[in-house]
Amino acid sequence: MAINLNVGQTPFSKAAKMASITTVATLALGLTACGGQKNETASESVDGATTSSDAKAAPKDVELLNVSYDVARDFYKDYNPLFVKHYQAEHPGSNITIKQSHGGSSKQALSVANGLQADVVTMNQGSDIELLQKKGLVANNWTDSFPDYSVPFTSTIVFLVRKDNPKNIKGWEDLTKPGIEIVMANPKVTGNGRYAFLGAYGYGLHTFNKDEDKTKAFVRDLLKNVKVYENGGRAATTTFVQRNIGDVLITFENESNLAAKQFGKGQVDIVYPDYSIKSESPVAVVNAVADKKGTTEAANEYLKYLWSNEAQQLAADLYLRPSVKAVLDANTDKLPPVDTFRPNDVFGSWDEIMGTFFSDGGVFDQLAINAPK
1 MAINLNVGQT
11 PFSKAAKMAS
21 ITTVATLALG
31 LTACGGQKNE
41 TASESVDGAT
51 TSSDAKAAPK
61 DVELLNVSYD
71 VARDFYKDYN
81 PLFVKHYQAE
91 HPGSNITIKQ
101 SHGGSSKQAL
111 SVANGLQADV
121 VTMNQGSDIE
131 LLQKKGLVAN
141 NWTDSFPDYS
151 VPFTSTIVFL
161 VRKDNPKNIK
171 GWEDLTKPGI
181 EIVMANPKVT
191 GNGRYAFLGA
201 YGYGLHTFNK
211 DEDKTKAFVR
221 DLLKNVKVYE
231 NGGRAATTTF
241 VQRNIGDVLI
251 TFENESNLAA
261 KQFGKGQVDI
271 VYPDYSIKSE
281 SPVAVVNAVA
291 DKKGTTEAAN
301 EYLKYLWSNE
311 AQQLAADLYL
321 RPSVKAVLDA
331 NTDKLPPVDT
341 FRPNDVFGSW
351 DEIMGTFFSD
361 GGVFDQLAIN
371 APK
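Here you go:
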C-alpha cells in the first residue's frame, strides 16, 4: 500500500504534506483468538513490488511510522523486515507494521514539528531532532536514550566522478578549477548539502591553518562551479547519474557506493578526499506521538535493534559506517579508514552552525553565487 500526499514548495508545509509513505514491513503470522490456527501473511513492499492484503489483522497489532531522510530508504527497506522478524520472536502472537516517510532531513523534521504523526525519527543531522526536542515532541535526554549518543552509524562526504575520472579530480581543491561542474544537495534545506558545504569549509580551515579569509575564498571558488543544487541527496544522485549532468557529485559515501555498484554501475567512480567530514545519523523516539498511540515500547525496541550485530552488518553492507567498532573493523574492505572531523568539534553546536552558516544571510548565502533559497 502506498500513500502519496502532495508536497508543498516550502519547508513549512502542513504536516499532512510529505514525499511518500510506503509500507515496508507488514503483518506477520499470528494466532487467532480461537487458538491454534495461523492467519495468512499480509505482505506489502516498497517501490511497486507485488502486494497481498487479504489476511485479517491478528491481535496485538502495532504500527510505527519512521520519518527519515531520503538516502536512508535503502537501509530501512532492508532493516524493517529484520526487525519485524526479531519483534515477532520477542512478542509471539503480535503483529507489527513499519511505515516509512523519506525526504530532505530538515523538511522531514519540519513535517513532524507541524503534526506528522511519527513514532520515531531517523535523521542525518542532530539539529533536526533538536528542533523536535524544542517543540516538546522528543525527550530532552534523547541523546542518552541509546548508545553512541543515539547515533547507530555514520558516513562521510566523498566525490562521485565520471568513469575513469576524466577531469582528474583527487581532492577538494580540484573542485575549484575552471570548467568543473558540481552537483550537490541544497544546503539550505538538506543535511546532505550541509555536510557537503561544511566538509569543504572544514577542509579549508584545516588546509589554510584556520585562516577564515582564505577558507572563504576557497569555498567561494568551489561554489562558483556548482551547476545544480538539488532538493535532496537522492535527487542529486539522480541528476548526476541518470540525467548525466555535471562532472562531480558531492555526497555521502554510502550514496556514492550505491550509485557506483548499482544504478550507475560502470558509469562512475568514487574519489575519497584526504580530509573530510563525519556525518552522524541520530535517531529518537517521538514520545509525544508514541505515548499517545501506545507505541512507545515498540518504538524503543525498533531503534535499540539498530545496534544489533545483524543491523550493524547490514549498515556496513550498504556502506554506512557502523558505530559498533567490532563490526566496523570487520568491514575495512568496504569502508577504508578516512581522516574525518566532527562538525560540532570545529563549528560548535548545531544551533550555532545553523545560525552562522545556513540562516538567511549566513555564510553560505554570502559565499554562494545564486544561492538557493
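Here the numbering used here is used: the first residue of the sequence shown is 1, the next is one more, and so on.
Beta carbons: idealized from backbone N, C-alpha and C, even for Gly.
Please read these numbers as outputs of a predicted model, since none were measured by experiment.
Alpha helix (DSSP H) segment containing residue i, residue limits
{"i": "ASN254", "result": "253 to 258"}
{"i": "GLY126", "result": "126 to 134"}
{"i": "ASP329", "result": "325 to 329"}
{"i": "VAL226", "result": "No alpha helix (DSSP H) holds VAL226; the beta strand (DSSP E) holding it covers 226 to 230."}
{"i": "GLY204", "result": "191 to 207"}
{"i": "ARG73", "result": "73 to 90"}
{"i": "VAL138", "result": "It is not in any alpha helix (DSSP H) - VAL138 carries neither H nor E in the DSSP assignment."}
{"i": "LEU374", "result": "In the structure as shown, the chain starts at 1 and stops at 373, and residue 374 therefore has no counterpart that could be examined."}
{"i": "ASP144", "result": "Premise fails: ASP144 is in no alpha helix (DSSP H) and is neither H nor E."}
{"i": "GLY348", "result": "Run containing GLY348: none; DSSP gives neither H nor E here."}
Beta-carbon spacing of residue i, residue j below 7 Å
{"i": "THR410", "j": "ASN66", "result": "Because the chain spans 1 through 373 in this model, residue 410 falls outside it and cannot be assessed."}
{"i": "ILE250", "j": "ALA196", "result": "yes"}
{"i": "SER106", "j": "VAL189", "result": "yes"}
{"i": "GLY233", "j": "GLU255", "result": "yes"}
{"i": "ILE157", "j": "ALA284", "result": "no"}
{"i": "ASP74", "j": "LEU318", "result": "yes"}
{"i": "LEU198", "j": "PRO343", "result": "yes"}
{"i": "ASP247", "j": "ILE353", "result": "no"}
{"i": "HIS206", "j": "TYR275", "result": "yes"}
{"i": "LEU64", "j": "ASP148", "result": "no"}
{"i": "SER279", "j": "PHE153", "result": "no"}
{"i": "HIS102", "j": "ASP144", "result": "no"}
{"i": "TYR229", "j": "PRO372", "result": "yes"}
{"i": "THR237", "j": "ALA260", "result": "no"}
{"i": "GLN108", "j": "VAL289", "result": "no"}
{"i": "SER155", "j": "GLU301", "result": "no"}
{"i": "ASP269", "j": "VAL338", "result": "no"}
{"i": "SER111", "j": "TRP350", "result": "no"}
{"i": "LYS167", "j": "GLN267", "result": "no"}
{"i": "ASN80", "j": "ILE96", "result": "no"}
{"i": "ASP61", "j": "LEU314", "result": "no"}
{"i": "PHE146", "j": "LEU303", "result": "yes"}
Where residue i sits in the DSSP three-state scheme
{"i": "ALA368", "result": "coil"}
{"i": "LEU335", "result": "coil"}
{"i": "LEU320", "result": "coil"}
{"i": "ASN95", "result": "strand"}
{"i": "VAL120", "result": "strand"}
{"i": "GLY395", "result": "This structure does not reach residue 395, given that the chain is present from 1 up to 373, and the question cannot be answered."}
{"i": "ASP360", "result": "coil"}
{"i": "ARG234", "result": "helix"}
Residue i - containing beta strand (DSSP E), residue span
{"i": "ASN66", "result": "61 to 69"}
Min CB distance residue i to chain D below 7 Å
{"i": "ASN186", "result": "Absent here is chain D; the protein component of the structure consists of one chain."}
What are the complete alpha helix (DSSP H) segments, minimum 4 residues, inside the region 243 to 298?
Within the region 243 to 298, the complete alpha helix (DSSP H) runs of at least 4 residues are 253 to 258, 287 to 293.
Uninterrupted beta strand (DSSP E) stretches inside the region 151 to 188 (no shorter than 3 residues)
Listed in chain order, they are 153 to 162, 182 to 185.
So, do the region 210 to 230 and the region 166 to 181 have three or more beta carbon pairs nearer to each other than 8 Å?
Because the criterion of three Cβ pairs below 8 Å is met, the region 210 to 230 and the region 166 to 181 touch.
Taking one C-beta from the region 299 to 317 and one from the region 81 to 98 each time, how about it: are there three or more such pairs within less than 8 Å?
With a cut-off of 8 Å on Cβ pairs, the region 299 to 317 is in contact with the region 81 to 98, counting three or more such pairs.
Segment contact, 8 Å Cβ cut-off, at least three pairs: the region 361 to 372 with the region 136 to 150
Contact between the region 361 to 372 and the region 136 to 150 is absent, because fewer than three Cβ pairs lie under 8 Å.
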